[in-house]
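Here is the structure we will look at.
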Amino acid sequence: MNKTLVAAAVTLAAASLSSQAMARDSIYIVGSSTVFPFSTAVAETFGRNTDFATPKVESTGSGGGLKLFCAGVGVDHPDITNASRRMKASEFELCQEAGVEDITEVKIGYDGIAIANSREGERLDLSLRDIWLALAKDVPNEAGELVPNPYQTWNEVNPDLPEITIEVLGPPPTSGTRDAFVELAMEGGCKTYDFIKAMKQEDKSRYKAVCHGIREDGAYVEAGENDNLIVQKLVANPDALGIFGFSFLDQNADQVQGSKVDGVEPTFESIADGDYPVSRSLFFYVKNAHVGTIPGIAEFVAEFTGEQAWGPEGYLVDKGLIPLPEAMRAEVASAAQSFAPMSRP
Amino acid sequence: MTDQTPASAPHKRTIDAVNASLKRRRAKERRFRRLGAAAVALGLLFVALLFADIVGKGHTAFQQTYIKLPVVLERAQIDPEGSGSAEVIARANYLGIIRAALRAHFPEVTARRDKRALYQMVSVGAPQLLRDRVLADPALIGTTAEVWLLADDDIDMVVKGQIDRTLPESKRRVKDQTLGWIERLESEGRITKRFNTIFFTNGTSREPELAGIAGALAGSFYTLALTLLLSFPIGVGAAIYLEEFAPKNRWTDLIEVNINNLAAVPSIVFGLLGLAVFIGIFGVPRSTPLVAALVLTLMTLPTIIISSRAALKSVPPSIREAALGVGASSLQTQFHHVLPLALPGMLTGAIIGMAQALGETAPLLMIGMIAFIVDVPAGFTDPATVLPVQIFLWADSPERAFVERTSAAIMVLLAFLILMNLAAVLLRRRFERRW
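From first to last, the protein sequence lines stand for chains L and D. Take the first sequence: its position 69, counted from the start at 1, is 69 in full-length UniProt numbering, and no numbers get skipped. Take the second sequence: its position 73, counted from the start at 1, is 73 in full-length UniProt numbering, and no numbers get skipped.
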């Protein structure tokens with residue numbers, strides 16, 4: 001038994017030594033699960049078309065990715081992190097403190113969030129206010145006081161909508177899709193009420209609670225992080241609506257249809273033009289200190305920001321990415337490929 | 001008379017009561033048996049449903065669609081100087097050759113947009129496969145060969161009937177134009193489904209038709225091998241010490257309670273521990289079989305210790321006494337007599353622990369195993385992922401063709417689990433001794 005213990009200890013020690021001494025020859029990417037499908041597609045193409053090793057892409061979520069990214073400089077730390085939102089000022093400071101000083105920010109495109117139902121059902125035409133009223137925890141009554149959400153069917157929210165029970169399948173609070181949905185759709189609908197909008201100046205935390213609070217009486221069902229599962233549940237229940245990323249709508253267009261939001265259907269064009277209101281920008285961040293040390297980073301960034309990848313006819317579009325407008329692509333690509341460090345957000 | 005009635009009545013009543021209750025008691029037993037059988041039937045029904053669902057969704061993934069096209073392999077394009085060197089042949093533009101073959105077969109397609117749709121019928125991995133084919137058989141250069149090209153996943157889905165052709169075009173991912181091409185190729189006998197070898201030889205990919213489980217299987221293999229190597233000796237050693245040598249006092253009681261507790265700790269806790277200790281303090285590299293094995297060792301240790309102690313307990317004391325009686329030392333008694341008799345039970349416990357480790361996902365999420373790793377790992381410190389995590393990642397991919405691949409990967413995982421549990425049962429049957 002002593003021998004096995006010693007052997008185990010030696011293995012551990014050897015492992016810890018080897019990892020510190022070991023140089024890394026492949027790029028190490030972490031971050032958002034929303035950007036994961038795009039990042040992996042680029043990584044695979046990059047590995048196939050160049051002599052560099054295929055990068056390792058880890059799906060940690062935007063926040064988790066930035067935390068790992070900002071932990072320090074060196075082969076043990078990631079070179080690139082993906083994010084489905086901009087880096088926060090607090091995260092930038094965290095990076096600075098750990099010696100990660102020069103960071104290149106690359107905006108890669110947009111992602112729309114679809115509110116969809118089965119093709120069997122009727123296509124809904126929702127406004128942001130309808131969405132908020134149907135899903136908020138507290139809604140204003142006629143007297144303008146906030147009361148627990150009384151609405152049970154869509155036509156109670158808005159008489160133009162059909163008489164079907166409100167049942168929305170969406171992601172849980174841990175999901176980036178949920179954050180974006182709450183910020184863009186819920187808050188967007190909430191601030192159409194002037195008295196709530198005024199609350200923002202007076203009592204910010206109350207404003208946030210009112211606008212971001214999702215009802216918990218069963219009308220909103222947390223269906224897990226798996227968007228495929230939501231699509232399957234929608235097919236089984238034509239009266240239910242689901243909230244998920246645009247790429248899943250695009251891939252399952254034969255089974256589900258996206259509801260119009262403020263009269264705009266979620267399509268490739270409407271999201272790219274910025275007409276569809278529930279869309280967000282996607283980013284990745286590069287650690288400039290690693291460029292030139294870890295082989296292939298510059299080439300990887302060039303691959304990602306090349307027209308064959310992120311252009312309107314590129315392979316990322318097939319994966320569901322909505323590209324930036326042409327002028328912006330050129331601007332971002334030249335800034336990215338020269339590794340211009342970002343300023344404090 | 002009046003005195004007699006009470007005297008004989010109790011006697012009569014007992015037998016009557018027994019006779020009367022007999023029917024009720026038998027009915028009770030029958031009811032209980034039926035309930036038991038119903039419980040088993042219900043359990044089997046759920047297992048059957050699970051298997052039927054997985055097999056129903058997944059069996060199609062073992063086949064893959066290929067398109068046969070006459071491909072012109074001109075010497076001028078591939079090896080202009082006729083050098084025959086593999087390096088020159090490998091660098092030729094096979095994508096261009098395949099596109100030319102598509103254009104030649106569908107000469108009516110001329111618009112830029114339409115050509116793009118046409119090129120998309122063939123997988124992005126097809127050029128590489130063609131290159132490998134030409135490298136393996138250089139005699140093909142200079143000929144026009146009928147080559148089976150790997151089809152794109154959308155085409156695969158149409159051919160397999162997963163995308164309904166009868167739906168109106170606007171509701172379908174594959175447009176009428178492409179559908180027309182597929183139907184023409186089908187009528188010419190140029191589309192076939194073949195056994196999907198790629199699924200077993202490739203690492204993962206973002207393209208469903210190129211995605212395989214080889215990387216995840218290799219990762220699982222390295223992880224489990226190292227887990228067994230670490231946890232079996234430590235577990236058996238701990239069990240022998242605790243069962244045979246340790247004094248029975250408050251400390252060993254405490255240790256025993258803790259081991260039993262550890263066996264019931266949710267596995268995610270071990271993942272968090274691994275993240276903090278192995279990665280945080282010892283600096284073991286993330287997403288490697290090494291760190292995964294260390295975490296899974298912690299997780300399976302209690303299972304192995306508990307089953308090993310049970311196996312040691314089942315060896316009758318007479319064996320130990322006999323060995324000690326003829327002059328063997330304690331150590332000799334243990335290693336020459338008790339351990340060989342307890343080993344089948346210990347191995348069974350170890351195999352069950354390994355099966356548990358094979359199916360484990362939660363602790364691995366914390367140590368960076370949810371990663372996209374294309375290259376098949378070749379050692380304990382290469383980045384790797386394992387089979388259940390691969391299933392998790394595929395289940396989350398938007399492409400329709402990943403649905404069947406997810407189920408197929410589950411089938412492979414289940415096959416391994418059944419094999420391991422079967423091995424445990426057989427081992428017990430073959431070597432177990434009863435006293």
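For each residue, glycine too, the CB sits at the ideal point set by N, CA and C.
Inset, instruction - Anything in the segment 317-329 of chain L with a Cβ closer than 9 Å to a Cβ of chain D? List those residues in chain order, please. - result: D318, K319, G320
Inset, instruction - Tell me, please, whether the CB atom of P266 of chain L is closer than 8 Å to any CB atom in chain D? - result: no
Legend entry - chain D contact for T192 of chain L (CB, 8 Å cutoff): no
Inset, instruction - Tell me, please, whether the segment 315-328 of chain D touches the segment 279-297 of chain D by the rule of three or more beta-carbon pairs shorter than 8 Å. - result: Look at the beta carbons and you see the segment 315-328 of chain D not touching the segment 279-297 of chain D: under three pairs across the two are nearer than 8 Å.
Legend entry - Within 8 Å, strictly: CB atoms of residue 346 of chain L and G112 of chain L: Missing from the structure shown is residue 346 of chain L; chain L here goes from 1 to 345 and no further.
Inset, instruction - Would you check if the distance between the CB atom of S287 of chain D and the CB atom of A362 of chain D is smaller than 8 Å? - result: Going by C-beta atoms, S287 of chain D is not nearer than 8 Å to A362 of chain D.
Inset, instruction - Please classify E331 of chain L: is it buried, with 16 or more other beta-carbons within 10 angstroms of its beta-carbon, or exposed? - result: exposed
Legend entry - Coarse secondary structure for G31 of chain L, derived from DSSP in three states: In the structure shown, G31 of chain L sits in a strand (DSSP, three-state: E or B).
Inset, instruction - Pick helix, strand or coil for G345 of chain D, following the three-state DSSP scheme. - result: helix
Inset, instruction - Spell out a yes or no on whether the segment 116-129 of chain D and the segment 142-154 of chain D are touching, meaning 3 or more CB-CB pairs, one atom from each, closer than 8 Å. - result: yes
Legend entry - Beta-bridge partners of D125 of chain L, as assigned by DSSP: In DSSP, D125 of chain L forms a bridge with L:K260.
Inset, instruction - State whether the segment 256-273 of chain D contacts the segment 325-339 of chain D, with contact taken as three or more CB pairs (one from each stretch) at a distance under 8 Å. - result: The segment 256-273 of chain D makes no contact with the segment 325-339 of chain D; the number of CB pairs closer than 8 Å stays below 3.
Legend entry - Cβ-Cβ distance between T192 of chain L and R280 of chain L below 8 Å: no
Inset, instruction - Would you check if the distance between the CB atom of I115 of chain L and the CB atom of L241 of chain L is smaller than 8 Å? - result: yes
Inset, instruction - Could you check the C-alpha separation between A117 of chain D and T178 of chain D for me, to the nearest Å? - result: 7 Å
Legend entry - Interface residues of chain D facing Q251 of chain L [CB-CB closer than 8 Å]: R173, P398, E399, R400
Inset, instruction - Count the other C-beta atoms from every protein chain shown that fall within 10 angstroms of the C-beta of S85 of chain D, then say buried if there are 16 or more, exposed otherwise. - result: exposed
Inset, instruction - State the DSSP-derived secondary structure class of Q64 of chain D, mapped to helix, strand or coil. - result: strand
Inset, instruction - Pick helix, strand or coil for N260 of chain D, following the three-state DSSP scheme. - result: helix
Inset, instruction - Taking only beta-carbon positions, decide if A247 of chain L is within less than 8 Å of chain D. - result: As written in the sequence, residue 247 of chain L is Ser, which differs from the Ala given in the question. Closer than 8 Å: yes.
Inset, instruction - Identify which residue in D:I306, D:F270, D:A310 has its Cα closest to the Cα of T297 of chain D. - result: Looking at D:I306, D:F270, D:A310, the one whose alpha-carbon comes closest to that of T297 of chain D is D:F270.
Inset, instruction - Name the one or two DSSP bridge partners that F372 of chain D has. - result: L:V57
Legend entry - Nearest neighbour of I67 of chain D, chosen from D:D156, D:L413, D:N93, D:S205 [CA to CA]: The shortest C-alpha separation from I67 of chain D is found at D:D156.
Legend entry - Residue burial classification, F51 of chain D (beta-carbon count within 10 angstroms, cutoff 16): Counting Cβ neighbours within 10 Å, F51 of chain D comes out exposed, since fewer than 16 surround it.
Legend entry - Spatially closest choice to Q332 of chain D from D:A20, D:R309, D:R30, D:E244, by CA coordinates: D:E244
Inset, instruction - Determine, using beta-carbon pairs with one atom in the segment 49-58 of chain L and one in the segment 356-375 of chain D, whether at least three such pairs fall under 8 Å. - result: yes
Inset, instruction - Can you grab the Cα-Cα spacing for the pair E313 of chain L / A101 of chain D, in whole Å? - result: Each residue's alpha carbon lies about 22 Å from the other.
Legend entry - Local conformation of E167 of chain L per DSSP, three classes: Of the three classes helix, strand and coil, the one that applies to E167 of chain L here is coil, per DSSP.
Legend entry - Reduced DSSP secondary structure (H/G/I, E/B, other) of A21 of chain L: Legend: pLDDT at A21 of chain L = 39, less than 50; position of this residue unreliable, value from coordinates given subsequently. Reduced to three states, the DSSP call for A21 of chain L is helix.
Inset, instruction - Please work out which residues of its chain come closer than 6 Å, Cβ to Cβ, to S16 of chain L, disregarding the five sequence neighbours upstream and downstream, and give them in chain order. - result: Model confidence at S16 of chain L stands at a pLDDT of 45, short of 50, so the residue's coordinates are unreliable; what they give is reported in the following sentence. Nothing meets the Cβ criterion.
Legend entry - Cutoff 8 Å: S59 of chain L Cβ touching any chain D Cβ: yes
Legend entry - Spatially closest choice to T60 of chain D from D:G161, D:S231, D:R428, by CA coordinates: D:G161
Legend entry - Which residues DSSP lists as bridging I191 of chain D, in chain order: D:I67
Legend entry - CA nearest to the CA of A384 of chain D, picked from D:A27, D:I213, D:Q128: D:I213
Inset, instruction - Spatial neighbours of Q257 of chain L within its chain, please: CB distance less than 7 Å, with the 5 preceding and 5 following residues excluded, ordered by chain position. - result: A116, N117, R119, R123
Inset, instruction - Have a look at the DSSP bridge pairing and note the partners of R280 of chain L. - result: Bridge partners of R280 of chain L: L:D111.
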